[in-house]
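Quick notes on the structure that follows.
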Amino acid sequence: MNAVNADLHCHSTASDGTLAPAAVVRRAHANGVDLLALTDHDELLGLPEAAATAAELGLRFVPGVEVSVSWLDQTVHIVGLGVDPSNAALIAGLDQVRSGRDGRAAKIAAELDRIGIHGALEGALRYVGNPALISRAHFARFLVEAGCAKNVHDVFLHYLARGKPGYVEHVWATLEDAVGWIKGAGGLAVIAHPGRYRLSHVEMDILFDKFRELGGDAVEVACGAHDGGQVLAFARMARKFGLMASRASDFHGPEDSPIDLGRAPPLPPDLTPVWSRLI
Ligand code: AMP
Ligand code: MN
Ligand code: MN
Ligand code: MN
59 MNAVNADLHC
69 HSTASDGTLA
79 PAAVVRRAHA
89 NGVDLLALTD
99 HDELLGLPEA
109 AATAAELGLR
119 FVPGVEVSVS
129 WLDQTVHIVG
139 LGVDPSNAAL
149 IAGLDQVRSG
159 RDGRAAKIAA
169 ELDRIGIHGA
179 LEGALRYVGN
189 PALISRAHFA
199 RFLVEAGCAK
209 NVHDVFLHYL
219 ARGKPGYVEH
229 VWATLEDAVG
239 WIKGAGGLAV
249 IAHPGRYRLS
259 HVEMDILFDK
269 FRELGGDAVE
279 VACGAHDGGQ
289 VLAFARMARK
299 FGLMASRASD
309 FHGPEDSPID
319 LGRAPPLPPD
329 LTPVWSRLI
């Protein structure tokens, strides 16, 4: 199954990636990807351009989205794969999730201003490709430009992450709503990069159990955010909870991402790849 080079999670300028949707698809094709999902944060805007470019290149394309969710005290991301971009409930739900971002961005800028970093909102907005979607990644690029950190990774060690200046609490969608919108739009729901969540073993089990109960389908096992140990740990979680497994770069751009399109590690061979339901 790993003969298929599937990359089922990446970003374009429709959210916080640095490449336009067409350029993401061209790069994936050049890297040997043969099944690609574009999954912008809380946004479907990039899908028509990506689908058209994929059709020109003969690359199999899956319309996707990455929904921001608040669960316990964490932000959890749920990827939807194979969603119908014209589904009204999905569109309305994502509109609602996006709507909080402007106010949050103003608060992030105010926090940074208090520690002497001025003009962060204007600075971040220079990196924004879609006015409806300002993310911490745009602030991160501004903070690198302003000399506050040497790269985006370092920004998150010192700013914008919980407990650091520039972090603002925010309430996103519920897990129930996110899975419901994705399933209602005909998609498969996938827990994104679980290794990034600061959850105890017990809390992680509760998340997976709840997700399964809501009709969730898969978990990202091989992804840019996971080291080798985490790939094995979340392979065990996929088996334990009867979930399919996904493979994902979470690519944001050539400068910003540790893993390029199509370059996530392979899935352990006994797992059922989520793309068995997509091709
Ligand atoms: P937001 O949805 O506005 O909270 O922004 C989340 C985005 O910030 C993620 O999708 C990444 O693009 C970026 N991000 C968060 N944490 C990190 C990190 N530790 N290193 C690099 N980028 C990060
Ligand atoms: Mn992002
Ligand atoms: Mn994510
Ligand atoms: Mn992502």
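Here the sequence shown is numbered in our numbering, starting from 59 and rising by one per residue. For glycine and all other residues, C-beta sits at the position ideal for the given N, C-alpha and C.
Can residue i and residue j be called in contact, C-beta distance under 7 Å?
{"i": "GLU101", "j": "SER70", "result": "no"}
{"i": "PRO223", "j": "ILE173", "result": "yes"}
{"i": "PHE200", "j": "ALA182", "result": "yes"}
{"i": "GLY311", "j": "GLY75", "result": "yes"}
{"i": "SER304", "j": "GLY282", "result": "no"}
{"i": "PHE214", "j": "PRO252", "result": "no"}
Give me the Cα-Cα distance between residue i and residue j, rounded to the nearest whole angstrom.
{"i": "ALA64", "j": "ALA147", "result": "28 Å"}
{"i": "ALA80", "j": "ALA108", "result": "5 Å"}
{"i": "ARG321", "j": "ALA198", "result": "24 Å"}
{"i": "GLY116", "j": "GLY187", "result": "27 Å"}
{"i": "MET302", "j": "TYR217", "result": "35 Å"}
{"i": "ALA86", "j": "PRO316", "result": "15 Å"}
{"i": "LEU77", "j": "ARG297", "result": "35 Å"}
{"i": "ASP314", "j": "VAL279", "result": "21 Å"}
{"i": "LEU105", "j": "VAL82", "result": "11 Å"}
Excluding sequence positions up to five away, which residues of its chain have a Cβ less than 8 Å from the Cβ of residue i?
{"i": "VAL237", "result": "ILE136, ALA247, PHE269, LEU272, GLY273, GLY274"}
Out of the options, state which residue places its alpha-carbon closest to the alpha-carbon of residue i.
{"i": "LEU94", "options": "THR330, PRO326, ASP318", "result": "ASP318"}
{"i": "GLY161", "options": "GLY177, ALA190, GLY181", "result": "ALA190"}
{"i": "CYS206", "options": "MET295, MET302, LEU170", "result": "LEU170"}
{"i": "PRO121", "options": "CYS68, VAL91, GLY90, ARG159", "result": "CYS68"}
{"i": "ILE249", "options": "HIS228, VAL134, ALA88, GLU261", "result": "VAL134"}
{"i": "ILE264", "options": "ALA61, LEU130, ALA112", "result": "LEU130"}
Once the 5 residues before and after residue i are set aside, which same chain residues still bring their CB inside 6 Å of it?
{"i": "MET59", "result": "Unreliable placement is indicated for MET59, whose pLDDT of 43 sits below 50; the coordinate value is still reported in the next sentence. Around MET59: PRO331."}
{"i": "SER243", "result": "Reading off the sequence, residue 243 comes out as Ala, not Ser. Same-chain partners within the cutoff: VAL141, ASP142, ASN145, LEU148."}
{"i": "GLY245", "result": "GLY138, LEU139, GLY140, VAL141"}
Based on the DSSP secondary-structure assignment, which residues constitute the bridge partners of residue i?
{"i": "MET262", "result": "Answer is none; MET262 lacks a bridge partner."}
{"i": "CYS206", "result": "None; CYS206 has no bridge partner."}
{"i": "ARG118", "result": "LEU93"}
For residue i, I'd like the list of residues in its chain whose CB is within less than 7 Å of its CB, leaving aside the five on either flank, ordered along the chain.
{"i": "ASP235", "result": "GLY151"}
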